[in-house]
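Chains as they are written, first to last, in this note's numbering: chain A, 22 to 332; chain B, 177 to 469.
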């Protein structure tokens, strides 16, 4: 088990380097001059030259690459070209809001989706199962930003139950602000997790040990939760990892809908303002997050799957 | 519809794929409904200039934020543009991106996957490593990150979506190729001295086609939703050109004016994506019965 964890952790190092390399390749080698991208078509050649000099774009490519990797790993992303603020500071300010939204939506998604899936799986081909199917069809089809806009119109604008924008101050206020955005993402996650729970549980419920448990006289809830769901945990863990990742990517649009601070909103504004330094920092942080979530999921497998623990 | 396709199961000959597909579609009322939506959607997109009641770009300061009426069935937006006409023209974007990028990604991804699977070695190691890494990213996030570098606009969005979908195709194509490579007919083809490009084109590609076709259909819906998301974020189709995503974006900036653009565009995206999901599921069940649940 220790060996597995060490191998996974070590494996993350080349992954991070590869991520940084791909980001570097994308930002420097793809067609398009960053100076033109950042300053617009109407900048004078002198302004562009000054920009290149300032951003270190005149150095040889390998030197740019090294500088990029080192500064990324030390989280030194320079300063915003729009307001001169430290990019790391901007990210540090926005990141908690995104993490808060991601965690809240995953939790809500689990709380809604897993019991719904259990309910459907324990009533196969009956009304709860059909409801699950309908729910997952809608959940897979409705765009999160549209659902968010609808909830915003109904609950914030018309009913006034929730704030229209911002991230909130203090714990309760923040939870109040995060609820609707998180519910939006959770609805879509719940459709996915519910269907996954249903499939995994149905598969497990046909196994011999379930029959044995019932034959022993175990009560049905115990059979379902102790013997059934426990053995359906492995696919659910994979699903949870995917859910966290899609919640992270969904947060970008949701932050825009609810006008919340966050990493996605920072990145999208930076793109609109062509704030090269912030774009680069935002991409790197997002990418490192994805690697970290995947790594975390690999480690969670150890807890869930005893086969890995032993080997 | 996100069910993965196990390439190892793809290799039986499918003599009557079309018949099975017809049966799977006609057996289910939901799929017939989906088919009708898709046909309507394609017709509307193709016939947009003839059926749109107004010019989608024409602004009118006198008709700002009108609720639905006989003249403007879905009302007007904050610039007095007819929302229905914008929705009709917006369907063209969804249609083009929905089909073009999955097909391009299928071609690119299959090529990479076949190269990696057939030749193995260092090419396989490099391709597989990059694919694994890219697959760790949700498509939307990958698309956002690439669009952050490239910016919006038609060709950039095509490129972004293609890159976002390519790793999935490459993985399936690679795994299928590895399985096909073990088959006796490949050994026979090598033994009779057929040249490698010939073997790949005549014997490998046709035998891995089923999962690739299934994946392509499944991703039409994702491509439509991704284009809408990118346009919503302002890094897809650029205004004033209408796209269902940027209609919702404009609508959000005009929340106190009129909710109709948001409701109209959102309902259309949901319906069309739902329809393509149902058809994708049907195609998967027909071509690839063991992958479905």
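The beta-carbon is built from N, C-alpha and C at its ideal position, and this holds for glycine as well.
Predicted model, so just to flag it, every value in this text is computed and none were measured.
Residue burial classification, residue i (beta-carbon count within 10 angstroms, cutoff 16)
i, result
"residue 35 (chain A)", "exposed"
"residue 327 (chain A)", "exposed"
"residue 177 (chain B)", "Residue placement at residue 177 (chain B) is flagged as unreliable, the pLDDT there being 43, under the threshold of 50; the coordinate-derived value follows with that caveat. Buried, because 16 or more other Cβ atoms sit within 10 Å of the Cβ of residue 177 (chain B)."
"residue 223 (chain B)", "exposed"
"residue 301 (chain A)", "buried"
"residue 9 (chain A)", "Given a span of 22 to 332 for chain A in the structure shown, any question on residue 9 (chain A) remains unanswerable."
"residue 91 (chain A)", "exposed"
"residue 469 (chain B)", "Unreliable placement is indicated for residue 469 (chain B), whose pLDDT of 43 sits below 50; the coordinate value is still reported in the next sentence. Residue 469 (chain B) is exposed by the Cβ-count criterion."
"residue 241 (chain A)", "exposed"
"residue 435 (chain B)", "buried"
"residue 27 (chain A)", "exposed"
"residue 202 (chain B)", "exposed"
"residue 237 (chain B)", "exposed"
"residue 192 (chain A)", "exposed"
"residue 362 (chain B)", "buried"
"residue 266 (chain A)", "buried"
"residue 82 (chain A)", "exposed"
"residue 180 (chain A)", "exposed"
"residue 11 (chain A)", "For chain A, the structure presents residues 22 to 332; residue 11 (chain A) sits outside this window and is missing."
"residue 289 (chain B)", "buried"
"residue 194 (chain B)", "exposed"
"residue 196 (chain A)", "exposed"
"residue 432 (chain B)", "exposed"
Reference residue i, options the options, closest by Cα
i, options, result
"residue 446 (chain B)", "A:73, A:275, A:162 and A:198", "A:162"
"residue 173 (chain A)", "A:270, A:278 and A:147", "A:278"
"residue 286 (chain A)", "A:90, A:297, A:272 and A:22", "A:272"
"residue 353 (chain B)", "B:258, B:200, B:206 and B:292", "B:292"
"residue 235 (chain B)", "B:215, B:256 and B:229", "B:256"
"residue 263 (chain B)", "B:243, B:448, B:302 and B:440", "B:440"
"residue 323 (chain A)", "A:303, A:258, A:37 and A:223", "A:258"
"residue 341 (chain B)", "B:320, B:240, B:355 and B:221", "B:320"
"residue 451 (chain B)", "B:318, B:398 and B:337", "B:398"
"residue 45 (chain A)", "A:84, A:219, A:255 and A:181", "A:84"
"residue 33 (chain A)", "A:321, A:325 and A:313", "A:313"
"residue 154 (chain A)", "A:216, A:211 and A:100", "A:216"
"residue 392 (chain B)", "B:217, B:205 and B:283", "B:283"
"residue 115 (chain A)", "A:103, A:158, A:76 and A:284", "A:284"
"residue 428 (chain B)", "A:67, A:269, A:282 and A:178", "A:178"
"residue 329 (chain B)", "B:206, B:229, B:217 and B:406", "B:406"
"residue 93 (chain A)", "A:318, A:229 and A:303", "A:303"
"residue 309 (chain B)", "B:426, B:287, B:344 and B:455", "B:344"
"residue 416 (chain B)", "B:233, B:430 and B:404", "B:233"
"residue 103 (chain A)", "A:318, A:295, A:119 and A:320", "A:295"
"residue 228 (chain B)", "B:266, B:196 and B:253", "B:266"
"residue 425 (chain B)", "B:254, B:378, B:200 and B:212", "B:254"
"residue 264 (chain A)", "A:212, A:243 and A:221", "A:212"
"residue 444 (chain B)", "B:298, B:204 and B:221", "B:221"
Assumed close pair residue i, residue j - CB separation to whole angstroms, cut-off 8 Å
i, j, result
"residue 152 (chain A)", "residue 408 (chain B)", "Contact doesn't hold; Cβ gap of about 29 Å is too wide."
"residue 384 (chain B)", "residue 349 (chain B)", "6 Å"
"residue 412 (chain B)", "residue 333 (chain B)", "5 Å"
"residue 209 (chain A)", "residue 160 (chain A)", "5 Å"
"residue 315 (chain A)", "residue 262 (chain A)", "7 Å"
"residue 401 (chain B)", "residue 459 (chain B)", "18 Å between Cβ atoms; not a contact."
"residue 148 (chain A)", "residue 219 (chain A)", "Between residue 219 (chain A) and residue 148 (chain A) the Cβ distance is about 14 Å, and since that is not below 8 Å, they are no contact."
"residue 100 (chain A)", "residue 293 (chain A)", "Not really, about 18 Å apart at Cβ, beyond 8 Å."
"residue 214 (chain A)", "residue 134 (chain A)", "3 Å"
"residue 196 (chain B)", "residue 462 (chain B)", "4 Å"
"residue 211 (chain B)", "residue 396 (chain B)", "That pair is no contact at about 13 Å."
"residue 245 (chain A)", "residue 131 (chain A)", "Between residue 131 (chain A) and residue 245 (chain A) the Cβ distance is about 17 Å, and since that is not below 8 Å, they are no contact."
Proximity test, residue i beta-carbon vs the ligand ZN heavy atom, cut-off 8 Å
i, result
"residue 324 (chain A)", "Although the ligand ZN was asked about, the structure shown includes no ligands whatsoever."
Exercise. Is the number of C-beta pairs between the segment 180–187 of chain A and the segment 105–115 of chain A that are closer than 8 Å three or more?
Worked result: no
Problem set entry | Cβ pair count under 8 Å reaching 3, the segment 122–139 of chain A against the segment 202–209 of chain A | yes
Problem set entry | Contiguous alpha helix (DSSP H) assignments of at least 4 residues, all confined to the segment 195–250 of chain B | 205–227
Exercise. Does the segment 304–315 of chain B touch the segment 360–372 of chain B, meaning 3 or more C-beta pairs lie closer than 8 Å?
Worked result: no
For this session: Could you tell me which uninterrupted alpha helix (DSSP H) segments, each at least 4 residues in length, are contained entirely in the segment 271–323 of chain B, listed from first to last along the chain?
Result: 297–311
Problem set entry | Every unbroken alpha helix (DSSP H) inside the segment 245–301 of chain A [4 residues or more] | 254–278 and 284–293
Exercise. What alpha helix (DSSP H) runs, 4 residues minimum, are completely inside the segment 432–466 of chain B?
Worked result: 436–463
For this session: Specify whether the segment 238–249 of chain B and the segment 419–438 of chain B touch according to this definition: at least 3 beta carbon pairs, one from each stretch, less than 8 Å apart.
Result: yes
Problem set entry | At least 3 beta-carbon pairs within less than 8 Å: the segment 36–43 of chain A vs the segment 290–310 of chain A | yes
Problem set entry | Length at least 4, wholly inside the segment 194–249 of chain A: the alpha helix (DSSP H) runs in chain order | 229–236
Exercise. What are the complete alpha helix (DSSP H) segments, minimum 4 residues, inside the segment 367–416 of chain B?
Worked result: 372–375 and 381–409
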